[in-house]
Each structure stands twice: as structure tokens, then as C-alpha cells.
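*Asks:* Quick one: structure below, then a few questions.
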Amino acid sequence: MSGIHLHPHDILDEGTESILKRLAKMGDIDHLFVEVNTIFERNPYPVGHLPHNPVHDVVMGSGTLHVKLENHQQGALYQRIDPTILDGHDPLMLIKQKTDGTGIKVIPWVNILNGDFGGNINDNTVVNFHGDPVEHWLCPNAPDVVALWKNTFSRLQQAYGYDTYLIDRIRFPDWAGKSVNPGGLFTCFCTHCRQKMKKENIDVKTLIFILEQLVILLRQHQYRTVAEYLLKDPLLKQWQTFRQQSITNFVRTLLCDINQNDRSLKLWLDLWPPAYSWILGQDYAELTKLSPALKHFPYHKLGGGADVQGLIEFFATTPEEKEDAFQAFLHLFNLPYEISYEYFKAQGFPIAFVKHQNDIVRQQSQPGTFIFSGIQMWNIDPQNLIDAVNAAKLSACDDLLYYCYGWATEELFNAVGQQSSGA
2 MSGIHLHPHD ILDEGTESIL KRLAKMGDID HLFVEVNTIF ERNPYPVGHL PHNPVHDVVM
62 GSGTLHVKLE NHQQGALYQR IDPTILDGHD PLMLIKQKTD GTGIKVIPWV NILNGDFGGN
122 INDNTVVNFH GDPVEHWLCP NAPDVVALWK NTFSRLQQAY GYDTYLIDRI RFPDWAGKSV
182 NPGGLFTCFC THCRQKMKKE NIDVKTLIFI LEQLVILLRQ HQYRTVAEYL LKDPLLKQWQ
242 TFRQQSITNF VRTLLCDINQ NDRSLKLWLD LWPPAYSWIL GQDYAELTKL SPALKHFPYH
302 KLGGGADVQG LIEFFATTPE EKEDAFQAFL HLFNLPYEIS YEYFKAQGFP IAFVKHQNDI
362 VRQQSQPGTF IFSGIQMWNI DPQNLIDAVN AAKLSACDDL LYYCYGWATE ELFNAVGQQS
422 SGA
């Protein structure tokens, strides 16, 4: 049985009856991953409109909480509450009331390190190597972030009764977001990270110098040289390991703190595909020691969920520069596809990307880890969707998780249903 992601606006705009009726067309959906707090993302991304939403053509995520929690602003940090909640709406409770006692399992989906936060931001934010804060990103090594989420999960469990949550945005920034910003990759250099790096014998001053040189090389269009540095330079490799350890330690500490009493709460992991996860601070082998299940998103048409085109267009201007940048990108992330940038823009990665990434996840994860393969369900034609489903089913994953309900056209729901029924 499979799952699908729901956003708060889906529930409030369409209603639970309409949602469950449409999902019934797919035939095998029994897990609903309901978003608790949004990110700064256009719905749908990057273009288009919401095909069956009767209220909104487009919804912009605002990084806010969409649940009712008592005393949520206690502590040094808090996340801002969405106006729809202040107006009396409660999308997670609506889904709970409709699904309790049925065969459908609701997994609240929580974005951890990225959102619209208030309180002591200055001491908890991600900082780039220039010393500038990265807007809306919390650092896993900062002092108040675990306490924020310990309190939030405690209140979520009390208010809604759920004991299993999918945690997302457990990483350092990538190069996308509200806008393309590759500088997010060269983080974090806050006071807390600097102190911890020095304890790990990382030469912070030299590290910053190397990153400065990489920026110069990128401006000179020396893309392959930058890729080689990121793959082979000993200090950069040491720093990448530090970032991975930072994320793992954050999840470990969070899980320990929220389970101090009865150890009843479980955190499932929403991770980037292994092609990219290492550069964002995610270590499958270590993280899956802490969690029984994960989802990653080998969306072949989108380059694995990464804004590849946005990154290429940021650095390159001429067709020749763009091709060079794209080939360096494939090399950096060990993507063995002999395709051009023009092909990628039109077709994405080959369908083999789906099985390839799922099989690597299985190899890198702890034995017994339950693996959901993310399935792109928007900006795609029905046959390409079915190709992705078939590729995932032939891989080492355990189940499918579709992204996402609100962005999918009617023909895609029908295609999955026909595939499920064997028609």
C-alpha cells in the first residue's frame, strides 16, 4: 500500500470528502502524510496551477504552523502560526476526524530547520562563510533548536494523539528556495559551528579561503575544477563529514529528548536522494540507525528534486557554459548519464535514475529500514508517471509515496488507479 502528501490548503479548500474520494481512484493509498508547517514554496512548483482546487489557483507557502498548539511561543524559539489557524481552521484535526478508526494511517509531516521562526533567531540561524545569516534556516548545532522541536512534538502528540512523524528539512540549505542561492551550500559558519569545527581540528580560516577560491573559479566558469575540489580536497571532505555528523547528532539528540519518558514517539526521515544527500549533510548509514523508515524523492523529470536548471542558469550564460556546467554537475553527483543539458531541460534524467537511487538507498541504509520511493505526480504525463512507478517497483524500495495530491491532474490519479488495478 502507498502514501501521498497533503498540504493544508488541500484540506481547507477541497474538504476531506473530496480528497478521499479522489484518492480512492488510485486504489492503494493508505498513508496520508499531512503537512504540519509549510516551507517557502510555490504550490505547484515551479509553474502551473492547482488543477482541482476550487479556491486557489496557486498557493505560496509561508513557513508557518498549520496546527493548534497551546503555549507554542514558550521558549527561546517558536514558529509563527498561520492566519488560517488564528481564524479557527484546523486541517490536521479535520483529517484526523475523518480517518480515525479507518484503515488509513495519518503521518504528520514536519519541516524542521526551515520556516518562519521567531524569538532568538540571531543565535540560532545558519550563517554563510561571509558571515551573513541565511534567511529562515536554523542551524542543527545552535543551542535552542532541539528544545523548540521537543516542545512542539510534545504538544502535537497531546493535541492530536499521533506518535509517528515524518521529519523533513533535516539538512543544511541547498541552492534553491524562495530564490536560487548557491551560497546556501557553503554553510554553516555560525559561532557554534566554528567552535565545534575547531574541536574537530578543522582549520576554519583555511576552509573559508578554499570556499572563496571556489567562488572565483565558478565566476571564471571553471565548473569541472570546482567539482574536483569538492570531491577530493581533504579539508572539504573533512568539512562535509562534519556537516553530516551535525545533522545526525541533531536528529539523535532530538529523538532522545522527546522520548525521555515513554519512548513512544517515532521519527521517520524525509531525505534527499543519495546522489545529493552527502553534500547537504545527510548520512543514510548513520541516520537510519535512528529511524525505522525513510522517504527520498528520485523525481527523474526534475533531476531528483533538485533545481538543476536553476543552478545552471545562475552560473552560466552561453549555451557552451551551460553545457560545461551541466556536465560538471553530473560528475560531481556521480550521475552516469550521457545526456546534454538541452535533453535534460526537455526530458529530465533517464527513468533509470529512479531504480538507481532506490537501490543506493538500500545499500547505504541499515538492514530492515523501510524505504518509500518518492514518485513525482505533477508536470508529468500519465505514461511517464507509470514508467516511474514501474521503475520504483523493480527497485529495492518497499513502497511508494506520491508528491503530491494538490498538484496532480485528474488524468494522473486515473493512471495510477488503472495501473493499480492491472487495467
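Numbers in the working numbering are just positions in the sequence shown, counted from 1, shifted up by 1.
Cβ atoms here follow ideal geometry from the backbone N, Cα and C, with glycine treated the same way.
1. Whose CA, out of N115, D382, R220, lies closest to the CA of A347?
2. Measuring alpha carbon to alpha carbon, tell me which residue in A307, A353, K267, V362 is nearest D388.
3. Ignore the nearest five residues each way along the sequence and tell me which others in Q245's own chain have a CB closer than 8 Å to its CB.
4. Kindly give me the distance between the Cβ atoms of L167 and L139, rounded to whole angstroms, as I take these residues to be in contact under 8 Å.
5. Thinking C-beta only, is I259 closer than 8 Å to F154?
6. With Q223 as the anchor, note down where its beta strand (DSSP E) starts and where it stops.
7. Using only CA atoms, which one of G64, C189, V127, N359 lies nearest to V37?
8. Let me check understanding here. Comparing Cα to Cα, which of N359, P92, S374, L413 lies closest to A160?
9. Going by Cα to Cα distance, which pick from H222, R195, L219 is closest to I429?
10. Can you grab the Cα-Cα spacing for the pair E339 / L256, in whole Å?
11. Could you give the DSSP three-state label for F34: helix, strand or coil?
12. Looking only at its chain, what residues have a beta carbon closer than 8 Å to the beta carbon of G431, apart from the 5 residues adjacent to it on each side?
13. Who are the Cβ neighbours of G184 in its own chain at under 6 Å, not counting the five residues just before and after it?
14. When DSSP labels each residue in this structure, what does H301 get in the three-state scheme?
15. Please classify A25 as buried or exposed, where buried requires at least 16 other C-beta atoms within 10 Å of its C-beta.
16. On the three-pair Cβ rule with 8 Å, is the segment 188-206 touching the segment 330-345?
17. From what residue to what residue does the alpha helix (DSSP H) around N359 run?
18. Quick one: what's A294 bridged to in DSSP?
19. From A392 to Q364, what does the alpha carbon distance come to, in whole angstroms?
20. Who are the Cβ neighbours of Q239 in its own chain at under 7 Å, not counting the five residues just before and after it?
21. Considering only residues of the same chain and omitting the five flanking positions on each side of N112, which have a CB-CB separation below 6 Å?
22. Check whether the segment 366-376 and the segment 395-412 touch, using three or more Cβ-Cβ pairs below 8 Å as the test.
23. Hey, how far is the Cα of D31 from the Cα of H8?
24. Looking only at its own chain, which residues have a Cβ that is under 7 Å from the Cβ of E71, when we skip the five neighbours before and after it?
25. W408 and D308 - do their beta-carbons sit closer together than 8 Å?
26. Does Q74 pass the burial test, meaning 16 or more other C-beta atoms within 10 Å, or should it be called exposed?
27. Any idea if V60 is buried or exposed, counting beta-carbon neighbours within 10 angstroms, 16 or more meaning buried?
28. Taking just the CA atoms, how far does E322 sit from P109?
29. Whose CA, out of I211, W273, G311, lies closest to the CA of Y300?
30. So who's on the other strand from F118, going by DSSP bridges?
31. Whole angstroms are fine: how far does the CA of G89 sit from the CA of P351?
32. Span of the beta strand (DSSP E) holding K106?
33. Quick one: give me the first and last residue of the beta strand (DSSP E) that I168 is part of.
34. Rounded to whole angstroms, what's the CA-CA distance from I361 to D117? Just pull it up for me.
35. Leaving aside the five residues before and after K290 along the sequence, list all residues of the same chain whose C-beta is less than 8 Å from its C-beta, in chain order.
36. Please indicate yes or no: does the CB of A397 lie closer than 7 Å to some heavy atom of the ligand FMN?
*Replies:* According to the structure shown:
1. Residue numbering aside, residue 347 sits at position 346 when the sequence shown is read from its first letter. A347 has its Cα closest to that of D382, out of N115, D382, R220.
2. Start at 1 with the first residue of the sequence shown, and residue 388 comes out as number 387. Nearest option by C-alpha distance: A353.
3. In the sequence shown, the residue the question calls residue 245 occupies position 244. Closer than 8 Å at Cβ, skipping near neighbours: W279, G282, Q283, D284, E287.
4. Taking the sequence shown and counting its residues from 1, the one referred to as residue 167 is at position 166. Taking the sequence shown and counting its residues from 1, the one referred to as residue 139 is at position 138. Going by Cβ atoms, the distance from L167 to L139 rounds to 18 Å, so no, they are not a contact pair.
5. Sequence index remark: in the sequence shown, residue 154 carries index 153 (1-based). Sequence index remark: in the sequence shown, residue 259 carries index 258 (1-based). Yes; because the gap between Cβ atoms is below 8 Å, this pair is in contact.
6. For the purposes of this step, residue 223 is taken as residue 222 along the sequence shown, with counting starting at 1. Run containing Q223: none; DSSP gives neither H nor E here.
7. Taking the sequence shown and counting its residues from 1, the one referred to as residue 37 is at position 36. Considering only alpha carbons, the answer is G64.
8. Taking the sequence shown and counting its residues from 1, the one referred to as residue 160 is at position 159. By alpha-carbon distance to A160, the top candidate from N359, P92, S374, L413 is P92.
9. No statement about residue 429 is possible, as the shown extent of the chain runs from 2 to 424 and does not include it.
10. Start at 1 with the first residue of the sequence shown, and residue 339 comes out as number 338. Start at 1 with the first residue of the sequence shown, and residue 256 comes out as number 255. Distance between the alpha carbons of E339 and L256: 42 Å.
11. Here residue 34 refers to the residue found at position 33 when the sequence shown is read from its first residue. DSSP places F34 in strand when its eight states are reduced to three.
12. The question about residue 431 has no answer here: the residues shown for the chain are numbered 2 through 424.
13. For this step, residue 184 is matched to residue 183 along the sequence shown. Cβ within range, chain order: N129.
14. Taking the sequence shown and counting its residues from 1, the one referred to as residue 301 is at position 300. Three-state DSSP puts H301 in a helix.
15. On the sequence shown, residue 25 is found 24 positions in, with the first residue counted as 1. Exposed, because fewer than 16 other Cβ atoms sit within 10 Å of the Cβ of A25.
16. no
17. Here residue 359 corresponds to residue number 358 of the sequence shown, with the count starting at 1. Where N359 is concerned, the enclosing alpha helix (DSSP H) stretches over 353-365.
18. If you number the sequence shown from 1, residue 294 lands on position 293. For A294, which the question treats as bridged, DSSP gives the partners F371.
19. For the purposes of this step, residue 392 is identified with residue 391 of the sequence shown, where counting begins at 1. For the purposes of this step, residue 364 is identified with residue 363 of the sequence shown, where counting begins at 1. Computed Cα separation, rounded: 17 Å.
20. Working through the sequence shown from its first residue, we reach residue 239 at position 238. Answer for Q239: I203, listed in chain order.
21. Counting from one through the sequence shown, the residue named residue 112 turns up at place 111. Contacts found: N38, I40, D169, R170.
22. Yes, the segment 366-376 is in contact with the segment 395-412.
23. In the sequence shown, counting from the first residue as 1, residue 31 sits at position 30. In the sequence shown, counting from the first residue as 1, residue 8 sits at position 7. Approximately 16 Å between the Cα atoms of the pair.
24. Working through the sequence shown from its first residue, we reach residue 71 at position 70. The answer, listed in chain order, is R156.
25. One-based indexing of the sequence shown puts residue 308 at position 307. One-based indexing of the sequence shown puts residue 408 at position 407. Cβ distance not < 8 Å, so D308 and W408 don't count as in contact.
26. Residue numbering aside, residue 74 sits at position 73 when the sequence shown is read from its first letter. With fewer than 16 Cβ atoms within 10 Å of its Cβ, Q74 is classed as exposed.
27. Along the sequence shown, one-based indexing puts residue 60 at 59. Flag for V60 reads buried.
28. In the sequence shown, counting from the first residue as 1, residue 109 sits at position 108. In the sequence shown, counting from the first residue as 1, residue 322 sits at position 321. Cα to Cα, P109 sits roughly 43 Å from E322.
29. The count along the sequence shown starts at 1 and reaches residue 300 at position 299. Nearest of I211, W273, G311 to Y300, Cα basis: W273.
30. Taking the sequence shown and counting its residues from 1, one reaches residue 118 at position 117. Note: F118 sits in a beta bridge opposite Q80.
31. Within the sequence shown, residue 351 is the residue found at index 350, counting from 1. Within the sequence shown, residue 89 is the residue found at index 88, counting from 1. Their Cα atoms are separated by approximately 46 Å.
32. The count along the sequence shown starts at 1 and reaches residue 106 at position 105. Here the beta strand (DSSP E) through K106 covers 106-112.
33. Counting from one through the sequence shown, the residue named residue 168 turns up at place 167. Its beta strand (DSSP E) spans residues 165-169.
34. The residue you call residue 361 lines up with position 360 of the sequence shown. The residue you call residue 117 lines up with position 116 of the sequence shown. Answer to the nearest angstrom: the Cα atoms are 34 Å apart.
35. Along the sequence shown, one-based indexing puts residue 290 at 289. Same-chain partners within the cutoff: Q367.
36. The model depicted lacks the ligand FMN and carries no ligand whatsoever.
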